[in-house]
Every structure is written in C-alpha cells, then in structure tokens.
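Asks: My questions will all concern the structure given below.
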Amino acid sequence: MLIEEKIKSLGLSIPAPAKPLAAYIPAIQTGDLVFTSGQVPLQDGVILYTGQVPTELSAEDARKAAEICCLNCLAAVKGVAGSLDAIDRIIKLTVFVNSAAGFGDQPAVANGASELLEKIFGDKGKHARSAVGAAGLPKNSAVEIEMIVKLKPLN
Amino acid sequence: MLIEEKIKSLGLSIPAPAKPLAAYIPAIQTGDLVFTSGQVPLQDGVILYTGQVPTELSAEDARKAAEICCLNCLAAVKGVAGSLDAIDRIIKLTVFVNSAAGFGDQPAVANGASELLEKIFGDKGKHARSAVGAAGLPKNSAVEIEMIVKLKPLN
Amino acid sequence: MLIEEKIKSLGLSIPAPAKPLAAYIPAIQTGDLVFTSGQVPLQDGVILYTGQVPTELSAEDARKAAEICCLNCLAAVKGVAGSLDAIDRIIKLTVFVNSAAGFGDQPAVANGASELLEKIFGDKGKHARSAVGAAGLPKNSAVEIEMIVKLKPLN
Chain A
-4 MLIEEKIKSL GLSIPAPAKP LAAYIPAIQT GDLVFTSGQV PLQDGVILYT GQVPTELSAE
56 DARKAAEICC LNCLAAVKGV AGSLDAIDRI IKLTVFVNSA AGFGDQPAVA NGASELLEKI
116 FGDKGKHARS AVGAAGLPKN SAVEIEMIVK LKPLN
Chain B
-4 MLIEEKIKSL GLSIPAPAKP LAAYIPAIQT GDLVFTSGQV PLQDGVILYT GQVPTELSAE
56 DARKAAEICC LNCLAAVKGV AGSLDAIDRI IKLTVFVNSA AGFGDQPAVA NGASELLEKI
116 FGDKGKHARS AVGAAGLPKN SAVEIEMIVK LKPLN
Chain C
-4 MLIEEKIKSL GLSIPAPAKP LAAYIPAIQT GDLVFTSGQV PLQDGVILYT GQVPTELSAE
56 DARKAAEICC LNCLAAVKGV AGSLDAIDRI IKLTVFVNSA AGFGDQPAVA NGASELLEKI
116 FGDKGKHARS AVGAAGLPKN SAVEIEMIVK LKPLN
C-alpha cells in the first residue's frame, strides 16, 4: 500500500507543507538525508495544543500533539521529496516537550510520534530518538518535533 | 562578492574561531557536512547577552545575541573549511533561547540568525531550523546556536 | 590497544545495549554515520542520578551522570556497529542537563562525557558539542546525551 493510503487508513492525513516563514524553510535535502525544521501541533492554521505539561496540559493531550507534529514533519519531507513513498527510513526524531519543572514523562509524550511512525512505515519507521523537556516552545506549543529521514536512492 | 566582503558590507565581521575548550572542538567535518558546537554570544572574550528572556533580557536583545551566535558558528565553520566561500548551503540551525516559563517567542529571537544568513548567503542561506526554549545555557548566555552546513565539492 | 580494553583499563565497562523501548531503537546507521537515541544515566536497570542541577543534585554528581550516559551511547553504537573498534571518529554530542533556572555550568557537566571520550579514543574522540539546560528529562534523569559517530569504511 502506498504510504499516504496507509495514513488515510489510520483516519489521518498529511497536510499541505507549511509555508516558509522568515528566512527558513520547512525541510532541506542534503545527500540522501532530509532534515526538517521543528514542527509544532499546527492544524488548519491553529496550534491545537499549548502550555506546559502536566500543569497546563495532560501528558495524554501532549501525546496527541506529538502525533500532529509528526504528521507536519512528514508534510515537510513530502514538500522536499515529492512523495512519502520516497522515504527509505526514518532516522531520528528529537521531541521537545514544554515541561514544568520536575516533569519526567517526555517518553510517553514522544511515543505519540514514534508509534504513529511504526504504524505508517513498519520497520522502516523505527528510529533513534531523544525526548527532552523544554522551558518554552514557539507560540507556547506543547510539543515541537524535528525529524531526519533517509530517502530511497534515485534510479 | 566573496562572503567575508559581503559580511563586512553589512557592518559585521567574522571573529577568529574560538579556541578549543576541554575535550571538544568548535566544529568538525564529516563527508561534505560540517557540524558546529553550540555557540554563545561571545565577543572579544565577553558574553554580551545573558539571562532569561523576557524576564531578564528582552526578545529584541536576544535577537542581537542570536546574530552574534550565528557569526561565531560561521567562524567555527571557517576554522574547519578555511574559507566561508567553501560553503555550498546552510543546512540546519538549532536555536536554544534561555526562556522563562511561558515565553513562546523563540522564533523572533532565532530570526536574528536566520535573517542574517539570508542577507549573507542569499538563497544558499535558507535552512531548516528549530527554535527551542532552554531552562539554562552555558555561562547564563541568552542564546546558543548550533549549525550544520554543506561544503562545496572539492575540485 | 583495542577500545574495550582501553575502557577496562580506565576501570569502566560498556553495558549491554539497552533494549528497544516502544517504537524507537537505541541507534541507527545511515551511510557511515550512526545516530544514537538520547541516553540517560541508567546502570543495571536503575537511573543513578536524578533531579535538577544544582538544586537537587550537584554539578559534580551530574558530571558522573554524563559519564554513564556516554558509556550508554557507546553501547548503543556497539549494538549497531558490532564493535567500538569500528568507530572512526566521534562527531557530535548534544548534552542536555536537567537545570534549575539560572544554572549556567552545563559545560562542566558535559565535560564528564567529553573528557571520557578523549581518554578512550584520543584525538579521534574530539567532537563538536552543545551543552543545553533542559526543563525536565526522561524519568527525571539529571543528564541525557545523544551522539553522532562516524564509522570506519568497510574493506
């Protein structure tokens, strides 16, 4: 099954790649790697999940935020690679969670992205990952994720 | 125009690459990529901008700090590549902003670096970027930036 | 001397690579680079150093935590590369230190990892590095480190 069909079968969809803001771009390819910019839980122009975890937002809601960030990362990759079918392997996620002092369950939040990638890509979705607590994130987002993927060789 | 002349025309200059501290180095090349160490707003041996944004330092001042961090990243690349003219593309910035809880305008701070790179390098300066709030940074710096660049192929 | 013998001569050892948790893996190779997941100061199934620096844990103890994180990064690389002797160069460390607001001595903490790498690998252990204060880390760990290494070419 093609990757976007797989995503639809999960009840999800890949948004249009975010438009460039200021002097940076959503993603960039160098060699066979694509590096995305940090993506926030933006959907239809609105940040859906904001605030610090767990004082202003539950870890469970932040996990949903991580799913949206992950889809936005894939949208950024698609904008560079043309199609998600060009992805050979998800290499690395860095998941920043807007964290109140003492919060230590960043991994549960990050699993929202990691488990989604495995559902979509199977073994090719298994990646290295860091989950880190941030003191603040753009527009008070609950989560920000950046991704590195490897593309398939061109024939 | 050569890149360092372009930088001078903006009223700026590239400092001498920072000397190695402890067992790490300012930048390292692998393949055609150069990874810099995190650079702080150090100028002539002094950290020019310290403290948390916005409680101890304005976002506008932190933006100036980001410019200096960016020049220090370029100095680190120059120390490895010999010349800034060897840069083919700025690939990625990670911008850590020393943030008070609830601060969410890391992107405005990071634009100090991103917009400077576009002024210096034009389209080759457009990069992927993450802007993240840190709970603290080395020597209480207001901003810390790390950079990945791609070098031109050797003839 | 082989690298694991060198590590033993320092009174240290490389643990078994951590088992995969959730849908991510301890490290992944792409081209000649290996990216590790963020590693915490886990030893024999216990996080040895937890809490914010310096309010709950001294910088000196956090430095010891950084050493353990570093050994766990090497274990993750070994799990992918088969042997630490396959490492050509340590490229990059990102060291996140669980930091109370105002703490700025992340570099001293990170030196626990950087200096250990130089002891083990000599000049090949010299790397680029960022040291950053986190508002929280997985399981309240004091330190989290991720590593990029370059492997030797296969014959």
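Residue numbers (our numbering), protein chains in the order written: chain A, -4 to 150; chain B, -4 to 150; chain C, -4 to 150. From the three backbone atoms N, C-alpha and C, an ideal C-beta is built for every residue, glycine too.
Pull up the CB-CB distance for C64 of chain C and Q34 of chain C, whole angstroms please, since I reckon it's below 8 angstroms.
Replies: 5 angstroms
Asks: Compute the Euclidean distance between the alpha carbons of V92 of chain A and K87 of chain C, then round it to the nearest angstrom.
Replies: 22 angstroms
Asks: Which residues, in order along the region 25 to 41 of chain A, keep a beta-carbon less than 8 angstroms from a beta-carbon of chain C?
Replies: G26, D27, L28
Asks: Which residues in the same chain as D27 of chain C place their Cβ atom closer than 6 angstroms to its Cβ, once the five residues preceding and following it in sequence are excluded?
Replies: If you ignore the 5 residues before and after D27 of chain C, its C-beta comes within less than 6 angstroms of the C-beta of K145, L146, all in its own chain and listed in chain order.
Asks: Enumerate, from N- to C-terminal direction, the unbroken alpha helix (DSSP H) stretches of 4 or more residues contained entirely within the region 42 to 93 of chain A.
Replies: 54 to 76
Asks: DSSP state of K145 of chain C, grouped into three classes?
Replies: strand
Asks: When the Cα atoms are used, what is the spatial distance from P10 of chain A to N67 of chain A?
Replies: 7 angstroms
Asks: Taking the alpha-carbon positions, what's the S94 of chain C to S4 of chain A distance?
Replies: 42 angstroms
Asks: Rounded to the nearest angstrom, what separates E51 of chain B and A61 of chain C at their Cα positions?
Replies: 29 angstroms
Asks: So with Cβ pairs under 8 angstroms, would you call N135 of chain C a contact of chain A?
Replies: For N135 of chain C, the answer is yes, since a Cβ of chain A falls inside 8 angstroms of its Cβ.
Asks: Taking only beta-carbon atoms, is F91 of chain B less than 8 angstroms away from chain C?
Replies: yes
Asks: So is P148 of chain C buried or exposed if we call it buried at 16+ other beta carbons inside 10 Å?
Replies: exposed
Asks: Beta carbon of Y19 of chain A, beta carbon of K121 of chain B: below 8 angstroms?
Replies: Their beta carbons are under 8 angstroms apart, which means Y19 of chain A touches K121 of chain B by this criterion.
Asks: Starting from Y44 of chain C, find everything on chain A with Cβ-Cβ shorter than 7 angstroms and list it in chain order.
Replies: Correct list: empty, because the minimum Cβ distance to chain A is about 13 angstroms.
Asks: Starting from N106 of chain B, find everything on chain A with Cβ-Cβ shorter than 8 angstroms and list it in chain order.
Replies: A17, A18
Asks: Quick one: is D56 of chain A buried, meaning 16 or more other Cβ sit within 10 Å of its Cβ, or exposed?
Replies: buried
Asks: Are the beta-carbon atoms belonging to A130 of chain A and A137 of chain B less than 8 angstroms from one another?
Replies: no
Asks: Assuming E141 of chain C and S109 of chain A are in contact, meaning their beta carbons sit under 8 angstroms apart, how far apart are those beta carbons, in whole angstroms?
Replies: 15 angstroms between Cβ atoms; not a contact.
Asks: Please name the residue or residues paired with F30 of chain C in a DSSP beta bridge.
Replies: C:I23, C:I143
Asks: Taking only beta-carbon positions, decide if V72 of chain C is within less than 8 angstroms of chain B.
Replies: no
Asks: Taking C-beta pairs closer than 7 angstroms, name the residues in chain B that K121 of chain C reaches, listed in chain order.
Replies: A18, Y19, I20
Asks: Counting only Cβ pairs nearer than 7 angstroms, list the residues of chain B close to A96 of chain C.
Replies: Q47, A130, G131
Asks: By the 10 Å Cβ neighbour count, where 16 or more other Cβ atoms means buried, how is L(-3) of chain A classified, buried or exposed?
Replies: exposed
Asks: Between I63 of chain B and chain C, is any beta-carbon pair separated by less than 8 angstroms?
Replies: no
Asks: State the DSSP-derived secondary structure class of S8 of chain A, mapped to helix, strand or coil.
Replies: coil
Asks: State yes or no: is the beta carbon of E110 of chain B nearer than 8 angstroms to at least one beta carbon in chain C?
Replies: So, not an interface residue.
Asks: Beta-carbon of E139 of chain A versus every beta-carbon of chain B: anything under 8 angstroms?
Replies: yes
Asks: G128 of chain A and L43 of chain C - do their beta-carbons sit closer together than 8 angstroms?
Replies: No; because the gap between Cβ atoms is not below 8 angstroms, this pair is not in contact.
Asks: Any beta carbon from chain C within less than 8 angstroms of I82 of chain A's own beta carbon?
Replies: no
Asks: Once the 5 residues before and after V75 of chain A are set aside, which same chain residues still bring their CB inside 6 angstroms of it?
Replies: A22, Q24, V29
Asks: In the DSSP assignment, what are the bridge partners of S125 of chain C?
Replies: Bridge partners of S125 of chain C according to DSSP: C:T89.
Asks: G131 of chain A by DSSP, collapsed to three states: which one?
Replies: strand
Asks: At the level of alpha carbons, what is the spacing between S53 of chain C and K14 of chain B?
Replies: 28 angstroms
Asks: Look at the alpha carbon of I82 of chain C and the alpha carbon of P49 of chain B, and state the distance between them as a whole number of angstroms.
Replies: 43 angstroms
Asks: Quick check on this structure: which residue in B:D118, B:V90, B:S8, B:G99 has the alpha carbon closest to the alpha carbon of N106 of chain B?
Replies: B:V90
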